[in-house]
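Quick mapping for you: the protein sequence lines, in order, are chains A and B.
Per the working numbering, the very first residue in the first sequence carries number 1; after that it's consecutive.
Per the working numbering, the very first residue in the second sequence carries number 281; after that it's consecutive.
A virtual CB, placed ideally from N, CA and C, is assigned to each residue, including glycine.
A quick note: this is a predicted structure, and the numbers were derived from the prediction, not measured.
In what follows, a single structure is set out as structure tokens and then discussed.
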Amino acid sequence: MTERLNWRRAIATGLRGLLVGLVVVIMGLPLYWVATGALKTNQEIYTFPPVWIPRQPQWGNFVEAWQAVPFGRFFVNSIVTTLGAVALELLFALLSAYALVFVRARGKGLVFAVVIAALLVPGTVTLLPNYLTVGRLGWINTYQGLIIPVAAVAFGVFLFRQHFLTLPRDLLDAARLDGCGHLGLLRHVVLPLSQPVIVTFLVIYLVAHWNDFLWPLVVTNRLEWRTVPVGVAYLYQVEGVQNWGPILAGTVMALVPMLLVYVVAQRWIVKGIGGGALKG
Amino acid sequence: MKVLERTETATRARPLAGARLERLRQAIDEWPLFWLLVAPNLILLGVFTYWPLVYNAYLSLMQWDLISPVKIFVGLENYRFLLEDSEFREVVRNTVVFTLGTVGGTMLLGLAFALLLDQPLRGLALARGIVFAPYVLSGAAVAVFWVNMLNPRFGLVAQVASWLGTVSPDWLNHPRLAMVAVILVYVWKNVGFSTIVYLAGLQRIPQELYEAATVDGAGVWQRFRSITLPQLGPITLFLLVVSTIASFQAFDLIRVLTNGGPVNATTTLLFYIWEQGFVAFNAGRAAAAAVVLFALLAVISWLQVRLGERRVSYD
Numbered sequence: 001m002t003e004r005l006n007w008r009r010a011i012a013t014g015l016r017g018l019l020v021g022l023v024v025v026i027m028g029l030p031l032y033w034v035a036t037g038a039l040k041t042n043q044e045i046y047t048f049p050p051v052w053i054p055r056q057p058q059w060g061n062f063v064e065a066w067q068a069v070p071f072g073r074f075f076v077n078s079i080v081t082t083l084g085a086v087a088l089e090l091l092f093a094l095l096s097a098y099a100l101v102f103v104r105a106r107g108k109g110l111v112f113a114v115v116i117a118a119l120l121v122p123g124t125v126t127l128l129p130n131y132l133t134v135g136r137l138g139w140i141n142t143y144q145g146l147i148i149p150v151a152a153v154a155f156g157v158f159l160f161r162q163h164f165l166t167l168p169r170d171l172l173d174a175a176r177l178d179g180c181g182h183l184g185l186l187r188h189v190v191l192p193l194s195q196p197v198i199v200t201f202l203v204i205y206l207v208a209h210w211n212d213f214l215w216p217l218v219v220t221n222r223l224e225w226r227t228v229p230v231g232v233a234y235l236y237q238v239e240g241v242q243n244w245g246p247i248l249a250g251t252v253m254a255l256v257p258m259l260l261v262y263v264v265a266q267r268w269i270v271k272g273i274g275g276g277a278l279k280g
Numbered sequence: 281m282k283v284l285e286r287t288e289t290a291t292r293a294r295p296l297a298g299a300r301l302e303r304l305r306q307a308i309d310e311w312p313l314f315w316l317l318v319a320p321n322l323i324l325l326g327v328f329t330y331w332p333l334v335y336n337a338y339l340s341l342m343q344w345d346l347i348s349p350v351k352i353f354v355g356l357e358n359y360r361f362l363l364e365d366s367e368f369r370e371v372v373r374n375t376v377v378f379t380l381g382t383v384g385g386t387m388l389l390g391l392a393f394a395l396l397l398d399q400p401l402r403g404l405a406l407a408r409g410i411v412f413a414p415y416v417l418s419g420a421a422v423a424v425f426w427v428n429m430l431n432p433r434f435g436l437v438a439q440v441a442s443w444l445g446t447v448s449p450d451w452l453n454h455p456r457l458a459m460v461a462v463i464l465v466y467v468w469k470n471v472g473f474s475t476i477v478y479l480a481g482l483q484r485i486p487q488e489l490y491e492a493a494t495v496d497g498a499g500v501w502q503r504f505r506s507i508t509l510p511q512l513g514p515i516t517l518f519l520l521v522v523s524t525i526a527s528f529q530a531f532d533l534i535r536v537l538t539n540g541g542p543v544n545a546t547t548t549l550l551f552y553i554w555e556q557g558f559v560a561f562n563a564g565r566a567a568a569a570a571v572v573l574f575a576l577l578a579v580i581s582w583l584q585v586r587l588g589e590r591r592v593s594y595d
């Protein structure tokens, strides 16, 4: 009886392991493909059956990609845009949420509703009007144009407000009694107690802005103002399908920054997204 | 003795004074500070989220090429055109197929992956990490290397096809399969999100429920149907709404993989709006299509929540 049960359990475990292996292969193989493809000679890329391990890593592909399009400029643009937008959003989200929770005023409910309702407006509908606004401001091909229109926050305010509401009342009252003003409360009590949420916020918005494609595509039209995602698509267009080595190398360069962020901050991303879903 | 008494009253008096001060403070409405803190964000939301809604609606009543100084008022002509245009009907059909395929694909696979990976084993943490990784990657970059993989002569699909004893079709240039390919790439890239959300949901189901059911003699399938699925109800509803909205915003994958083609086979609503606005310079038509998209999305989200709430129990 127990022996049969053990057998069944062993088969179930084995089957499960097999399925997990299959999932890992399906999800991971494309990443392996692009990573090794970036190191292949064109001859190795254009053969069938495919070469699984490049005979001699072709680091020159990266050099060629870097020279074919102004990759350095793309990176600078992406870094400035991403950091600028995320910094502004963090500031706005923290200040708005702080005001909504800790500052005494009427009309809080309405303000919160107006902020949250923005989540319901898809970026699609605002695309053309915002392009026209930015054009009228003379912001095409500028950092302002890339950053300011995407710097308003809705979800972030929600995230911080929910967190602030869970902070222990006693601690806040004690700080107030000790003569803490709003600035002191924010700096010495609220911010130190919000570090995990801040990290979650940073990672979510960092990834979103670094990968954004449509807005930078629309609001810039000169090559030196393109960001990394738009630049990679451009590299693919100019090199055509004749020169896959450098194209894949360029793709890897575009993928690596977020992969690094992911490896470092995986814990917070997973917690933030999973937790956010449960609260929402 | 007296000194001691004094300090005692002093320490007792302090919180009292504090409380009075507190009450005094509470009476003061700090509205200038409040508005100062929320204003920057509210102004940006106004200029770049709410005003565009109005302006877009206005543009949808115009005929305009984005350059000429005059916009010609044409009333509902743009909407009438879209309603009667067979190309636009195809675009709507494509959007429906794409949304059903991507939302269904990511959610079903996400649930399956989560059930598979929901165990506190060391190796599984790595597997979870790999499943979620594509979600943080740039869609444009992902699309570029998938173009390479989908090449029927030397791509990964050619190898997989040959393992299966067949020959790979030319996915991205096939009138039907192009859409299938775009959906597959989208699901590959985004399935990690629903997996993570479902995993978080699974971990919140109380183990006692399963233990009680096992004592009652419930099998694996029965436990799944009567405990796991209902417990995941609210999360499923959340995912349904969020995934649908995300799917409507898909652009970079389509732009790089097929550029909406072949012909219009993979042109979805958002892609059509972008094409009309920024390639064909037809602002009115793009704006009208954006209104259609907004309305469609609003109705779908509302229906999902309404129908969902009736079936899902929160407790």
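Item: Just verifying my parser: in three-state terms, what is the DSSP assignment at Ile352/B?; Value: strand
Item: Can you tell me whether Gln43/A is helix, strand or coil according to DSSP?; Value: helix
Item: Just the Cα atoms here: how many angstroms apart are Tyr478/B and Pro122/A?; Value: 25 Å
Item: Closer than 9 Å, CB to CB, is Trp268/A near chain B or not?; Value: no
Item: Please report the Cβ distance between Leu401/B and Leu430/B, rounded to the nearest whole angstrom; I am assuming they are in contact, meaning their Cβ atoms lie under 8 Å.; Value: In fact, because the Cβ distance is near 34 Å, the residues do not count as touching under 8 Å.
Item: Does the beta-carbon of Ser474/B have 16 or more other beta-carbons within 10 angstroms, so that it is buried, or is it exposed?; Value: buried
Item: Would you mind stating whether Phe314/B and Ala99/A have Cβ atoms separated by less than 9 Å?; Value: yes
Item: Can you tell me where the alpha helix (DSSP H) with Val372/B in it begins and where it stops?; Value: Ser366 to Leu397
Item: Run through DSSP, which three-state label would Gln343/B get?; Value: strand
Item: Can you tell me whether Arg286/B is buried or exposed? The criterion is at least 16 other CB atoms within 10 Å of its CB, across all chains shown.; Value: Because Arg286/B sits at a pLDDT of 42, beneath the cut-off of 50, its placement in the model cannot be relied upon, and the following sentence gives the value as read from the coordinates. Classification of Arg286/B: exposed, given that the 10 Å Cβ count is below 16.
Item: By how many angstroms is the C-alpha of Leu29/A removed from the C-alpha of Gly37/A?; Value: 12 Å
Item: Using a Cβ cut-off of 9 Å (strictly closer), state whether Val460/B contacts chain A.; Value: no
Item: Can you check the region 53-136 of chain A for any alpha helix (DSSP H) of at least 4 residues that lies completely inside it and give the ranges in chain order?; Value: 60-68, 71-102, 108-117 and 123-136
Item: Using a Cβ-Cβ cut-off of less than 8 Å, list which residues of the region 318-340 of chain B approach chain A; keep chain order.; Value: Val318, Pro320, Asn321, Leu322, Leu324, Leu325, Val327, Phe328, Thr329, Tyr330, Trp331, Pro332, Leu333, Tyr335, Asn336 and Leu339
Item: Check whether the region 251-261 of chain A and the region 456-471 of chain B touch, using three or more Cβ-Cβ pairs below 8 Å as the test.; Value: no
Item: Residue range of the alpha helix (DSSP H) that Trp554/B falls in?; Value: Leu549 to Phe558
Item: Determine the closest residue to Ala154/A out of Leu95/A, Gly145/A and Tyr143/A, with distance taken between C-alpha atoms.; Value: Leu95/A
Item: What is the C-beta distance between Ala493/B and Arg503/B, in whole angstroms, given that I count them as a contact (C-beta under 8 Å)?; Value: 5 Å
Item: Check whether the region 400-415 of chain B and the region 557-571 of chain B are in contact - that is, three or more C-beta pairs closer than 8 Å.; Value: no
Item: Quick check on Ser448/B: does DSSP put it in helix, strand or coil?; Value: coil
Item: When you compare the CB of Asn431/B with every CB in chain A, is at least one pair closer than 9 Å?; Value: yes
Item: Got a sec, what are the start and stop residues for the alpha helix (DSSP H) Trp468/B sits in?; Value: Leu457 to Gln483
Item: Mapping DSSP to helix, strand and coil, what is Val241/A?; Value: coil
Item: Please say whether Tyr143/A and Thr82/A have beta carbons closer to each other than 9 Å?; Value: no
Item: Check whether the Cβ atoms of Asn130/A and Pro320/B sit closer than 9 Å, and answer yes or no.; Value: no
Item: Have a look at Gln58/A and Ala407/B and give me their C-alpha separation to the nearest angstrom.; Value: 29 Å
Item: Can you pull the chain A residues whose beta carbon is under 8 Å from the beta carbon of Ser348/B, in chain order?; Value: Result: empty, since nearest Cβ-Cβ is about 13 Å, beyond 8 Å.
Item: Run through DSSP, which three-state label would Ala407/B get?; Value: helix
Item: On the CB-based measure, 16 or more other CB atoms within 10 Å of its CB, does Gln43/A come out buried or exposed?; Value: exposed
Item: Where does Tyr262/A sit, in a helix, a strand or coil, going by DSSP?; Value: helix
Item: Kindly indicate which three-state DSSP category Ile140/A falls into: helix, strand or coil?; Value: coil
Item: Contact criterion: CB-CB distance below 9 Å. Does Trp244/A meet it with respect to chain B?; Value: yes
Item: What residue range is occupied by the uninterrupted alpha helix (DSSP H) comprising Asn539/B?; Value: Taken as a continuous stretch (DSSP letters only), Asn539/B belongs to no alpha helix (DSSP H), as it is neither H nor E.
Item: What residue range does the alpha helix (DSSP H) around Gln439/B cover?; Value: Leu436 to Trp443
Item: Among residues of its own chain, excluding the 5 on either side of Phe353/B, which ones have a beta-carbon nearer than 7 Å to its beta-carbon?; Value: Leu341 and Met342
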